[in-house]
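Heads up: the sequence shown is residues 9 to 103, going by our numbering. Built from N, CA and C at the ideal position, the CB exists for glycine as well. What you are looking at is a predicted structure, and each value in this text was computed from that prediction instead of being measured.
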Amino acid sequence: MSVDAATVRRIAHLARIAVEDAEVEHLQGELNAILAFVEQLSEVDVEGVEPMTSVTPMVMKKREDVVTDGEIPDLVVRNAPETQDHFFLVPKVVE
9 MSVDAATVRR
19 IAHLARIAVE
29 DAEVEHLQGE
39 LNAILAFVEQ
49 LSEVDVEGVE
59 PMTSVTPMVM
69 KKREDVVTDG
79 EIPDLVVRNA
89 PETQDHFFLV
99 PKVVE
């Protein structure tokens, strides 16, 4: 895939980046180099290679996904001006 000047201007517009006309040719070369590198990476044989989350082997620590009150509801609302049943009370803002 090759990027032309119009595509560079469109990418710059979508990214909300101001690009001068003199910079377009340079950016076109850089984007084409990046795309060539990505195409080169697609040629690498990764058959049988497991995905990694880290460069060192490790097991993710997991816990049960349980909804709790954190066992400290009194501490959470302690500094609130007004509370009721461990909830913050706020003034009504929409009528």
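Proximity below 8 Å, CB of residue i to CB of residue j
i, j, result
"residue 98", "residue 91", "no"
"residue 32", "residue 11", "no"
Buried or exposed (CB count within 10 angstroms, at least 16 for buried), residue i
i, result
"residue 36", "buried"
"residue 46", "exposed"
Straight-line Cα distance separating residue j from residue i
i, j, result
"residue 51", "residue 65", "26 Å"
"residue 24", "residue 88", "42 Å"
"residue 74", "residue 67", "21 Å"
"residue 40", "residue 56", "30 Å"
"residue 82", "residue 95", "10 Å"
"residue 28", "residue 44", "24 Å"
C-beta neighbour in chain C for residue i, strict 8 Å
i, result
"residue 96", "Note that chain C does not occur in the displayed structure, where there is just one protein chain."
Range covered by the alpha helix (DSSP H) that runs through residue i
i, result
"residue 14", "13-22"
"residue 30", "29-49"
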